[in-house]
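And the structure:
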């Protein structure tokens, strides 16, 4: 598994290229609606959410020989719940499957203790092979210090980055073999930013020739830079160009955006925060992989040492609606008992509040066997649909109501997040001479055709690359696809559930 789609796609393509295979044959990938696997596929690269949906649906791992979970240090909700499901299935119905956990900053003892095997003689430690890097091939240098402890990006920090990149270019051009290098071997710099709008701000600074000349002189302005924005909402074709070679230099703002729930309203929002040391070390590993590299962190050494070693797991700071619904889909006991098996179990008060919310919106029934059960509830048809959509449960209900009232595409448009800044993508395409194409197909409204069934006819064609009917996995919705593709996918999910319950009754809580 990979936590990000671009990683799953690029690794699958690289493995296929190294072996001389076609993607979708012996090696393939499944990322959201993009499924490049077949009956012949033996190695599948998938996102964390895709594998989680597969295991929850099948309740077994016996169709696999090995399951490799990468980037386990990130501790998102899906990863923690996937670890829980894998452990549960490994010691019940799938004991012969080999499970491999990977991370550049993994704390092996924590995961070793988590996967202890219970035997009549006591606890038996699971076999764990730990591979450590022996040589550190990159340097960490100090630069500017943010004012105060509040996470923020000041304009001066972006200006410093422009100066740093110019300095890298000047140093590299003084090397003896610079003129003999091929285009693919030219110097590159990787810059970590917390979000799409911060990426846009720095992108505009790096592509503004007058600003570059003002900050670093006329010599800087004559350098030709190829600036490639990289974000989950940018199309895969735009992102794949960054994999031409590994970067020798790296700039880290030591910032990230994390999902945080409001204590009063329980609504989540992305908030800017300082990255943990584990995240910074993971970023530093991008440089110095195939040659000596440099890492610049835009904080001073004292402040960096004050950062926490690891971030708070998402399961302990975010609402648990989807995890509770997935736990109900497992059919292995009450959600509180299942979530108690997590690597870092959530607070029981949070689970209890989540159960009340799910009963209020109609995802869980209030009664089980004609009795009121405060810590559990039978999952409803609506709850099953919500469990399959990677959205907030309230947005899922909005989309479900849109389906009922015949305005599914419109409810999707209202429910999903807006597309990335248009000028960012337009400027990126202008750098390589692309013209005329829309910035994002997903940002356009569906065509209004007066013919009956016109939109329904177009949807299966646009989504023809999906998995077999009834097996639709959505990840990080939206996925740079036309809205009618999502409409068709959601219809498949709903139709699959209706086949289980032919008659749907909505009570006052639905």
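Residue numbers (UniProt numbering): 1 to 510.
In this text, a Cβ means the ideal position worked out from N, Cα and C, and glycines have one as well.
Closer than 7 angstroms by C-beta to residue i: which residues in its own chain qualify, once you throw out the five before and the five after it? Chain order, please.
i: residue 366; result: 359, 372, 377
i: residue 285; result: 104
i: residue 387; result: 322, 325, 326, 329
i: residue 531; result: The question about residue 531 has no answer, for the chain in this structure spans 1 to 510.
i: residue 274; result: 151, 254, 255, 307
i: residue 106; result: 72, 73
i: residue 259; result: 268, 270, 314, 318
i: residue 334; result: 375, 376
i: residue 410; result: 402
i: residue 174; result: none
i: residue 92; result: none
Can you tell which of the options has its C-alpha closest to the C-alpha of residue i?
i: residue 152; options: 369, 206, 298; result: 298
i: residue 332; options: 4, 57, 43, 261; result: 57
i: residue 78; options: 344, 192, 109, 171; result: 344
i: residue 155; options: 80, 253, 109, 3; result: 253
i: residue 54; options: 220, 1, 383, 101; result: 1
i: residue 113; options: 383, 83, 98; result: 83
i: residue 313; options: 76, 220, 303, 66; result: 76
i: residue 396; options: 406, 404, 385; result: 385
i: residue 351; options: 336, 110, 211; result: 336
i: residue 14; options: 267, 45, 4; result: 45
i: residue 249; options: 191, 272, 259, 157; result: 191
i: residue 341; options: 30, 88, 42; result: 88
i: residue 392; options: 41, 108, 370, 357; result: 357
i: residue 230; options: 211, 197, 210; result: 197
i: residue 381; options: 370, 364, 368; result: 364
i: residue 90; options: 67, 109, 108, 110; result: 67
i: residue 43; options: 33, 31, 32, 25; result: 25
i: residue 170; options: 205, 111, 211, 220; result: 220
Spatial neighbours of residue i within its chain, please: C-beta separation below 8 angstroms, excluding the five flanking residues on both sides.
i: residue 507; result: Per-residue confidence for residue 507 stands at a pLDDT of 41, beneath the threshold of 50, marking its modelled position as unreliable; no derived number is given.
i: residue 280; result: 252, 254, 297, 304, 307
i: residue 347; result: 316
i: residue 86; result: 55, 61, 67, 69, 99
i: residue 383; result: 325, 328, 358, 362, 363, 364
Going by beta carbon distance, what residues of the same chain come within less than 6 angstroms of residue i, once the five residues before and after it are set aside?
i: residue 354; result: 320, 321, 324
i: residue 277; result: 307, 309
i: residue 62; result: 94
i: residue 16; result: 23, 27
i: residue 19; result: none
i: residue 81; result: 323
i: residue 195; result: 257
i: residue 282; result: 104, 105
i: residue 41; result: 28
i: residue 454; result: Because residue 454 carries a pLDDT of 35, less than 50, the predicted location of this residue cannot be relied on, and the following value inherits that uncertainty. Excluding sequence neighbours, residue 454 sits near nothing in its chain.
i: residue 159; result: 215
i: residue 210; result: none
Between residue i and residue j, how many whole angstroms is the CB-CB distance? I'm expecting something under 8 angstroms.
i: residue 28; j: residue 38; result: 7 angstroms
i: residue 261; j: residue 317; result: 6 angstroms
i: residue 8; j: residue 47; result: 6 angstroms
i: residue 98; j: residue 65; result: 7 angstroms
i: residue 69; j: residue 101; result: 5 angstroms
i: residue 189; j: residue 168; result: 6 angstroms
i: residue 412; j: residue 399; result: 6 angstroms
i: residue 4; j: residue 32; result: The pair is not a contact, with the Cβ atoms about 11 angstroms apart (cut-off 8 angstroms).
Would the C-beta of residue i count as close to the ligand SAH, meaning under 6 angstroms from any of its heavy atoms?
i: residue 252; result: This structure lacks the ligand SAH; in fact it carries no ligand of any kind.
Measuring only between beta-carbons, confirm whether residue i sits less than 7 angstroms from chain C.
i: residue 276; result: Judged by its chain identifiers, the structure shown contains no chain C, having just a single protein chain.
Inset, instruction - Mind the definition here: the segment 213 to 223 touches the segment 149 to 168 only if three or more C-beta pairs lie below 8 angstroms; say whether that holds. - result: yes
Inset, instruction - Kindly confirm or deny that the segment 326 to 339 and the segment 376 to 391 touch, where touching means at least three C-beta pairs closer than 8 angstroms. - result: Result yes; three or more Cβ-Cβ pairs closer than 8 angstroms.
Inset, instruction - Ignoring anything shorter than 3 residues or poking outside the segment 256 to 304, list the beta strand (DSSP E) runs there in chain order. - result: 268 to 274, 293 to 297
Legend entry - Entirely enclosed alpha helix (DSSP H) segments - the UniProt domain "Helicase ATP-binding" (1 to 124), minimum 4 residues: 5 to 19, 48 to 58, 77 to 90, 108 to 114
Inset, instruction - Report the residue ranges of all beta strand (DSSP E) runs contained in full by the segment 335 to 367; include only those spanning at least 3 residues, in chain order. - result: none
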